[in-house]
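Novice: Handing you a structure now.
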Amino acid sequence: MLKQVVRWAVMTMLASSVTGGVMAAEAKPVGKMIELKGEVVSPEQVVLPPNAKILVRLDDVSLMDAPAVTIAQQTIDTKGKSLPTPFALKYAKKKLQARNQYALTARIEVDGKLLFINTTSHPVDPLSPPASSPIEVEKVQ
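Under mature numbering (1 follows the signal peptide of the UniProt record, and there is no 0), the letters of the sequence shown match residues -24 to -1, 1 to 117, in that order.
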């Protein structure tokens, strides 16, 4: 129990220490499914090309030396609109393990070329995330 409290405290401090662009998130139970809503925001004013796509994922990042397991993802066609862009990830509660660690990621691509990506970890409790969880999304050089 103490380990879970400490892990939650560390994850909360990490999430609250990030500045710059934000992806705010909040989860709401919808029957046996959970819906995690938020928005992707750039630290600068950005109008995206008409063919830009935003990919938002909720990943299980529990294993250190293994690829993350995607729990939910959404691809958004931006149609040339500027950020912020809302998202909604839906996933089954049964996909989650109480002891595992989860993180949100966001990336913006045009024709497969990466334009923006989050560069810091964005831990989240997919069952009860904070009302707003900032994550920096930076332009790729």
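Backbone N, C-alpha and C define an ideal beta-carbon position, used for all residues, glycine too.
Predicted model, so just to flag it, every value in this text is computed and none were measured.
Just to confirm my understanding: we take VAL86, look at its own chain, exclude 5 residues before and 5 after, and list those with CB closer than 7 Å. What are they?
Specialist: These residues qualify, in order along the chain: PRO25, ASN27 and ALA28.
Novice: Sort out for me which residues DSSP pairs ALA64 with in a bridge.
Specialist: According to DSSP, which records beta bridges pairwise, ALA64 is partnered with LYS13.
Novice: With burial defined as no fewer than 16 other Cβ atoms inside 10 Å of the residue's Cβ, what is the status of LEU62: buried or exposed?
Specialist: A small fix is needed here, since residue 62 is Pro in this sequence, not Leu. When all chains shown are included, PRO62 counts as exposed.
Novice: Less than 8 Å between the C-beta atoms of residue 125 and GLN21, yes or no?
Specialist: Only positions -24 to 117 of the chain appear in the structure, and residue 125 is not among them; the question remains open.
Novice: Can you name the start and end residues of the beta strand (DSSP E) that ALA48 belongs to?
Specialist: ALA48 -> beta strand (DSSP E) spans 45 to 53.
Novice: May I ask you to report which of helix, strand or coil DSSP gives LYS70?
Specialist: Residue state, collapsed to three classes: helix.
Novice: Based on DSSP bridge pairs, tell me the residues matched to LEU80.
Specialist: Paired residues: LEU34.
Novice: Assign VAL(-3) to one of three DSSP states: helix, strand, or coil.
Specialist: Confidence at VAL(-3) is low in this model, with a pLDDT of 43, below 50, so the placement of that residue should be treated as unreliable; the coordinate-derived value is given next. Note: VAL(-3) maps to coil in three-state DSSP.
Novice: Have a look at GLU11, VAL16 and LYS8 and flag the residue whose alpha-carbon is nearest the alpha-carbon of ASN94.
Specialist: Among GLU11, VAL16 and LYS8, the Cα nearest to that of ASN94 is on VAL16.
Novice: Using a Cβ-Cβ cutoff of less than 7 Å, which residues in the same chain neighbour ALA68 once the five nearest sequence positions on both sides are dropped?
Specialist: The answer, listed in chain order, is LYS8 and MET9.
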